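Everything on this sheet refers to the single structure shown next.
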Ligand code: UFG
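Numbering (our numbering), first residue to last: 4 to 331.
Written out as structure tokens, the structure reads:
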């Protein structure tokens, strides 16, 4: 048994957000151990940390891992994240995001690990009732992806009551950008996220970008999102981890910048950053999309003393663009 008091289990640590988290944890002196089934993640994205290839649904494997390590905390990034796919194949989302997470929670609690950091999402709010969403906004997800995350949030709160689980539920808005040193980049296969798609178009790897609808109730008719730099997102996790392990109460925070950009604005900024002519064609709306999702992230800033380093979209897109080239 490793009794190192700084070991953190990072489930989904070979994925886009998890792999950036591993870098942040290492830099802060923690010892991340990655569990990832590589269904979406990449082996080469796990830099300087142990990678255990396996599934969080595998109770036997989890028993074995928890008998080897005395983890300080578990961070969970191993979810399916495609809104459109979740509408077509809800079972995948309830199986992986909900049932497998229940297995993880169950085994970590049996092993006396009390701190849990969970990647939740703005999608738990559904259609916002206010311009900037606070954590007290009603929870009314409008697609199976959002519902799967909401269900896990509820399970976590139940385990807090029954077993004293301490949790940080972090509701991400749109994670974007890449490690400024270019060690990692965003790689989903197939890619569905706006910024990497726009940059692939700029790099000539695809013909252009299709804009999913221009009849939303927004200034230019396209959907508005709050893009947050991946490094800032990971930094908030680090602060949440420190707060939990120093005995602070469980927390639920939105992580965003508080600024919304429309799809057309993203394409424009990407044209400026890359200096390329990115072709954009208007298409049909995508099932399950909310018109506007913008965070009020004041609570995380106030309570965690979280100060985003890269709040502007230009820097986010520039880092993503630089990293894409290093990895192509
Ligand atoms: N979009 C396009 N064309 C594309 C891809 C995306 O117009 O080719 C639009 C989408 O319709 C949306 C916006 O660009 O309006 C952003 O889309 P993304 O797919 O990049 O991100 P989403 O907002 O759909 O989803 C992201 C995360 C989810 C998370 C959600 C919360 O992927 O995990 O943010 O807001 F739940």
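Ideal placement from N, C-alpha and C gives every residue a C-beta, glycine not left out.
Small disclaimer: the values here were computed from a predicted structure and weren't measured.
Is the beta carbon of residue i within less than 7 Å of some heavy atom of ligand 1?
| i | result |
| --- | --- |
| residue 197 | yes |
| residue 169 | no |
| residue 162 | no |
| residue 96 | no |
| residue 119 | no |
| residue 292 | yes |
| residue 135 | no |
| residue 92 | no |
| residue 177 | yes |
| residue 300 | no |
| residue 148 | yes |
| residue 124 | yes |
| residue 296 | yes |
| residue 212 | yes |
| residue 289 | yes |
| residue 228 | yes |
| residue 77 | no |
| residue 200 | yes |
| residue 215 | yes |
| residue 266 | yes |
| residue 272 | no |
| residue 101 | no |
| residue 84 | yes |
Do residue i and residue j have their C-beta atoms closer together than 8 Å?
| i | j | result |
| --- | --- | --- |
| residue 173 | residue 121 | yes |
| residue 11 | residue 78 | yes |
| residue 214 | residue 266 | yes |
| residue 231 | residue 175 | yes |
| residue 99 | residue 82 | yes |
| residue 151 | residue 234 | no |
| residue 13 | residue 134 | no |
| residue 24 | residue 237 | yes |
| residue 112 | residue 26 | no |
| residue 137 | residue 315 | no |
| residue 49 | residue 37 | yes |
| residue 41 | residue 17 | yes |
| residue 54 | residue 39 | yes |
| residue 130 | residue 293 | yes |
| residue 146 | residue 125 | no |
| residue 181 | residue 45 | no |
For the beta strand (DSSP E) that residue i lies in, which residues bound it at each end?
| i | result |
| --- | --- |
| residue 53 | 53 to 56 |
| residue 10 | 10 to 14 |
| residue 172 | 169 to 175 |
| residue 38 | 34 to 39 |
| residue 303 | Looking at the DSSP string, residue 303 is not in any beta strand (DSSP E); the run it does join, the alpha helix (DSSP H), is 301 to 307. |
| residue 285 | 283 to 286 |
| residue 260 | Here residue 260 belongs to no beta strand (DSSP E), and DSSP marks it neither H nor E. |
| residue 2 | The question about residue 2 has no answer, for the chain in this structure spans 4 to 331. |
Is the CB of residue i under 8 Å away from at least one CB in chain D?
| i | result |
| --- | --- |
| residue 105 | The structure shown has no chain D; it contains just one protein chain. |
Could you please give the first and the last residue of the uninterrupted alpha helix (DSSP H) stretch that includes residue i?
| i | result |
| --- | --- |
| residue 69 | 62 to 71 |
| residue 47 | Residue 47 -> no alpha helix (DSSP H), and no H or E assigned at all. |
| residue 155 | 147 to 166 |
| residue 24 | 19 to 30 |
| residue 318 | 316 to 329 |
| residue 266 | 266 to 277 |
| residue 202 | 197 to 205 |
Distance, Cα to Cα, residue i vs residue j?
| i | j | result |
| --- | --- | --- |
| residue 89 | residue 144 | 12 Å |
| residue 253 | residue 117 | 11 Å |
| residue 264 | residue 229 | 6 Å |
| residue 192 | residue 20 | 15 Å |
| residue 247 | residue 207 | 45 Å |
| residue 198 | residue 179 | 7 Å |
| residue 223 | residue 217 | 7 Å |
| residue 56 | residue 171 | 25 Å |
| residue 75 | residue 183 | 28 Å |
| residue 278 | residue 32 | 39 Å |
| residue 80 | residue 59 | 11 Å |
| residue 328 | residue 205 | 11 Å |
| residue 291 | residue 283 | 21 Å |
| residue 317 | residue 211 | 20 Å |
| residue 103 | residue 15 | 12 Å |
| residue 1 | residue 220 | Summary: the structure shown does not reach residue 1, with the chain confined to residues 4 through 331, and so no result is reported for it. |
| residue 249 | residue 156 | 22 Å |
| residue 239 | residue 163 | 21 Å |
| residue 242 | residue 259 | 15 Å |
| residue 270 | residue 84 | 22 Å |
| residue 196 | residue 101 | 23 Å |
Segments assigned beta strand (DSSP E), at least 3 residues, entirely inside the stretch 217 to 256 | 230 to 232
Beta strand (DSSP E) segments (min. 3 residues) lying fully within the stretch 71 to 144 = 76 to 79, 118 to 124
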